[in-house]
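According to the numbering used here, the stretch in the sequence shown is residues 82 to 188, in order. Each residue gets a CB set at the ideal place from its N, CA and C atoms; glycine is no exception. The model shown is predicted, which means the values in this text are computed figures rather than measured ones.
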Amino acid sequence: MALTVALLMGFGLPAQDPAPTTTGTVQGEKVDLTTKNPDPVLNTAMTDRASWDRAEKATRVAVNSVVFRSSGQNLTTPGTYIEMASRLFEPTLLALGILAIRGRIKR
Numbered sequence: 082m083a084l085t086v087a088l089l090m091g092f093g094l095p096a097q098d099p100a101p102t103t104t105g106t107v108q109g110e111k112v113d114l115t116t117k118n119p120d121p122v123l124n125t126a127m128t129d130r131a132s133w134d135r136a137e138k139a140t141r142v143a144v145n146s147v148v149f150r151s152s153g154q155n156l157t158t159p160g161t162y163i164e165m166a167s168r169l170f171e172p173t174l175l176a177l178g179i180l181a182i183r184g185r186i187k188r
């Protein structure tokens with residue numbers, strides 16, 4: 082899980098949360114609205130990515146993706162793949178750890 086948090090801090094979290102914008106036109110009694118949600122972008126320097134705020138957010142995303150299966154966070158493309166890999170491997174590693182502890186206790 083620590084590796085997941087480190088990878089999300091470095092590559093998975095966008096620099097800022099993308100803000101959706103809604104534009105529209107009014108014609109008589111008809112209103113047409115279009116909402117655009119921009120793609121998350123990571124455009125900060127590598128040294129600026131190591132902060133307590135990003136560590137806290139990355140920890141929340143990692144725990145939510147493993148425990149609750151949905152982080153609800155906008156992630157960059159690498160961040161999405163990191164989250165998918167953590168959903169697959171972290172419960173598997175947890176189960177193997179529990180089996181190892183069980184084997185030690187049974188001896």
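Alpha carbon of residue i to alpha carbon of residue j, nearest angstrom
| i | j | result |
| --- | --- | --- |
| residue 166 | residue 186 | 30 Å |
| residue 146 | residue 159 | 15 Å |
| residue 118 | residue 155 | 10 Å |
| residue 184 | residue 102 | 55 Å |
| residue 130 | residue 174 | 27 Å |
| residue 176 | residue 88 | 22 Å |
| residue 82 | residue 168 | 10 Å |
| residue 127 | residue 91 | 7 Å |
| residue 157 | residue 181 | 35 Å |
| residue 161 | residue 84 | 15 Å |
Buried versus exposed call for residue i [16 or more other C-beta atoms within 10 Å across all chains shown]
| i | result |
| --- | --- |
| residue 138 | buried |
| residue 110 | exposed |
| residue 104 | exposed |
| residue 191 | Here the chain covers residues 82 to 188 and nothing more, so residue 191 does not appear. |
| residue 142 | buried |
| residue 163 | buried |
According to DSSP, residues forming a beta bridge with residue i
| i | result |
| --- | --- |
| residue 117 | 102 |
| residue 112 | 107 |
Residue i: CB within 8 Å of a non-hydrogen atom of the ligand SAH
| i | result |
| --- | --- |
| residue 183 | Ligands in the displayed structure: none, and consequently the ligand SAH is not present. |
Enumerated in chain order, which unbroken segments of the alpha helix (DSSP H) with a length of 4 residues or greater are wholly contained in the segment 126–167? Entirely contained in the segment 126–167, the alpha helix (DSSP H) runs reaching 4 residues are, in chain order, 133–144.
Touch test, the segment 83–97 against the segment 123–136, Cβ-Cβ under 8 Å, three pairs minimum: yes
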